[in-house]
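J.: The numbering used here puts the sequence shown at residues 5 to 212.
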Amino acid sequence: MEFDDDIDSIESRSTNIDIADAKRTVVELLKALGQDPEREGLKNTPDRVARMYTELLCGYTADPEKIVNGALFDVKYDEMVIVREIEFYSLCEHHMLPFIGRAHVAYIPDGKVLGLSKIPRIVDMYARRLQVQERMTRQIADFLRDLLEPQGVAVVVEAMHLCAMMRGVKKHDARMTTSAMHGAFRANLATRQEFLENIARGSRPLQF
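1. Spell out a yes or no on whether the segment 39 to 49 and the segment 78 to 89 are touching, meaning 3 or more CB-CB pairs, one atom from each, closer than 8 Å.
2. Considering just the uninterrupted stretch of the alpha helix (DSSP H) at Y93, what are its terminal residues?
3. Are at least three pairs of beta-carbons, each pair with one atom in the segment 145 to 152 and one in the segment 163 to 171, less than 8 Å apart?
4. Less than 8 Å between the beta carbons of D123 and I71, yes or no?
5. Would you mind giving the Cβ-Cβ distance between I213 and Q155, rounded to the nearest angstrom? I have them listed as a contact below 8 Å.
6. Go ahead and pull the three-state DSSP assignment for K70.
7. What does a CB cutoff of less than 7 Å around G119 pick up in its chain, not counting 5 residues either side in sequence?
8. Could you tell me whether the segment 50 to 58 touches the segment 21 to 33, where touching means 3 or more Cβ pairs closer than 8 Å?
9. Keeping to the same chain, check which residues put their C-beta closer than 7 Å to that of E198; ignore five residues upstream and five downstream.
10. Tell me the DSSP secondary structure of M180 in three-state form.
11. Is it buried or exposed for H186, if we count other Cβ within 10 angstroms and need 16 for buried?
12. With contact counted as at least three CB pairs below 8 Å, one residue from each stretch, are the segment 133 to 142 and the segment 92 to 105 in contact?
13. To test your reading of the DSSP string, which unbroken beta strand (DSSP E) runs of 3 or more residues are found completely within the segment 131 to 180?
14. Beta carbon of M129, beta carbon of A66: below 8 Å?
15. Hey, how far is the Cα of S16 from the Cα of L193?
16. When the Cα of I23 is compared with those of Y57, R208 and R106, which residue comes out closest?
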């Protein structure tokens, strides 16, 4: 069975990946695994894999200024803003296997709010890299803190890691949760608890 890869959309992405070199490397990897890169089914695999990583790792060259695109608005609102259940996928940098999950993001404005669609795009920018979940969580929180200068920022990320599900301990239902808190969310227990209760309310079970 042949699959039509969306090559145009992938090639249009800004990337620092050398596709030709990546293709050669995949050929050598297939040989090292005892496979014939010229056999039916593998002939186009090096090209597909190289272009796939162009898409999966495009977060390295994403431009934060273009992502935000001026969508910062002056407001007098100073209550909590929460964007829940932002789905993402990323690649574990240890085994280059996917981890997939959801991010929950909150902030308390101090004169500025960010356009709603921008927060999922910011999550995506940091997810589309070779990552560890702890660092990704912190990067999202730090970016929003520096961009908005709010009273506080909170990020909770929950994910399932294929490196734990497919190899090693083979714990199929294991989930990892990480958090990063700044400002009022770190200093004020009631504020933090309000956020955690909000994201727990009506939350769907995380699954593949």
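A virtual CB, placed ideally from N, CA and C, is assigned to each residue, including glycine.
T.: Working from what's here:
1. no
2. Looking at the DSSP string, Y93 is not in any alpha helix (DSSP H); the run it does join, the beta strand (DSSP E), is V85 to C96.
3. no
4. Note that residue 123 is Ile in the sequence shown, not Asp. No, the pair does not count as a contact, with Cβ atoms beyond the cut-off.
5. Here the chain covers residues 5 to 212 and nothing more, so residue 213 does not appear.
6. helix
7. A75
8. yes
9. M84
10. strand
11. buried
12. yes
13. 156 to 165
14. yes
15. Reliability of the predicted coordinates at S16 is poor, the pLDDT of 43 falling under 50, and the value obtained from them is presented with this limitation in mind. Spanning the two alpha carbons is a distance of roughly 45 Å.
16. Y57
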